[in-house]
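Here's the structure we're looking at; comments come further down.
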């Protein structure tokens with residue numbers, strides 16, 4: 001999904017660790033922007049603007065303004081972090097006419113019905129791999145879990161996708177489920193042991 005966000009990028013000449021460390025101390029984050037029209041260009045951007053964009057998710061497409069005023073449509077392809085701080089970022093140029101593959105975060109909406117009966121809601125992943133044109137790709141996928149009963153699950157193939165978007169993840173991949181509570185599992189196991197017939201050795205001992 002495209003947004004109106006614009007981030008100003010400046011070309012980065014510095015490659016030595018000391019120079020990059022100085023950039024970070026000045027509130028700038030080093031990175032690289034690459035694509036078919038650009039090759040690979042080292043840049044640095046305002047760290048606060050980058051953090052704000054990163055919170056929106058990697059599927060958000062926005063404008064990166066390069067030196068000379070050229071606007072390039074990009075998305076955050078790779079982020080290197082340390083203790084929550086962004087150390088380096090890769091911006092990937094996106095084309096309006098070529099499909100791209102990205103990971104889109106999942107938003108689990110509602111309360112699973114099975115949890116009211118003591119079930120435990122579990123999500124096995126937080127994103128799905130999708131392909132499509134930049135204009136068609138969502139920045140977030142909402143998954144309704146309200147109808148999940150104990151023992152039910154939702155697979156990647158169950159998630160409704162926008163027109164023009166295809167699923168790259170396995171359709172059989174379980175993304176969310178409601179499990180039997182652990183205590184209930186232990187009670188069943190204990191009951192089974194009590195109901196089991198005595199072994200031959202036990203009978204002989206008596």
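Residue numbers (full-length UniProt numbering): 1 to 206.
Cβ coordinates follow ideal geometry from the N, Cα and C atoms, glycine included.
### Task
State the Cα-Cα distance for the pair residue 208 and residue 156, rounded to the nearest angstrom.
A query on residue 208 cannot be resolved here, the shown segment of the chain reaching from 1 to 206 and no further.
### Query
Where does residue 16 sit, in a helix, a strand or coil, going by DSSP?
Locating residue 16 in the chain shown gives position 16, counting from the first residue. If DSSP states are grouped into helix, strand and coil, residue 16 belongs with coil.
### Query
Quick check: the stretch 47 to 63 against the stretch 93 to 103, are there 3 or more CB pairs under 8 Å?
yes
### Query
So what's residue 60 in DSSP terms, helix, strand or just coil?
As a first step, residue 60 is located in the chain shown; it is residue number 60 there, counting from the start. Three-state result, residue 60: coil.
### Message
Cutting at 8 Å between CB atoms, please list the residues of its own chain near residue 136, excluding the five before and the five after it.
### Response
Taking the first residue of the chain shown as position 1, residue 136 is located at position 136. Within the same chain, residue 136 has close Cβ partners 162, 163, 164 and 165.
### Query
Are the beta-carbon atoms of residue 37 and residue 80 separated by less than 8 Å?
Your numbering for residue 37 matches position 37 in the chain shown. Your numbering for residue 80 matches position 80 in the chain shown. Result no, Cβ atoms of residue 37 and residue 80 do not sit closer than 8 Å.
### Query
Using DSSP with H/G/I as helix, E/B as strand and the rest coil, what is residue 47?
Here the question's residue 47 lines up with position 47 in the chain shown. It is helical.
#### Entry: Simplified DSSP assignment, three categories, for residue 206
To locate residue 206, count along the chain shown from 1; it is residue 206. Because residue 206 carries a pLDDT of 46, less than 50, the predicted location of this residue cannot be relied on, and no value is offered for it.
### Message
Taking only three categories from DSSP, how would you classify residue 99?
### Response
Numbered from 1 along the chain shown, position 99 holds the residue referred to as residue 99. Residue 99: coil per DSSP, three-state reduction.
### Assigned secondary structure, residue 115 (DSSP; H/G/I helix, E/B strand, else coil)
Counting from 1 along the chain shown, the entry for residue 115 is found at position 115. Correct three-state label for residue 115: helix.
### Continuous beta strand (DSSP E) stretch holding residue 86: start and end
Your numbering for residue 86 matches position 86 in the chain shown. From DSSP, the beta strand (DSSP E) with residue 86 extends over 85 to 93.
### Task
State the Cα-Cα distance for the pair residue 88 and residue 151, rounded to the nearest angstrom.
Translated into positions along the chain shown, residue 88 becomes position 88. Translated into positions along the chain shown, residue 151 becomes position 151. C-alpha separation (whole angstroms): 42 Å.
### Query
What are the start and end residues of the beta strand (DSSP E) that includes residue 129?
Translated into positions along the chain shown, residue 129 becomes position 129. Run containing residue 129: 127 to 132, per the beta strand (DSSP E) assignment.
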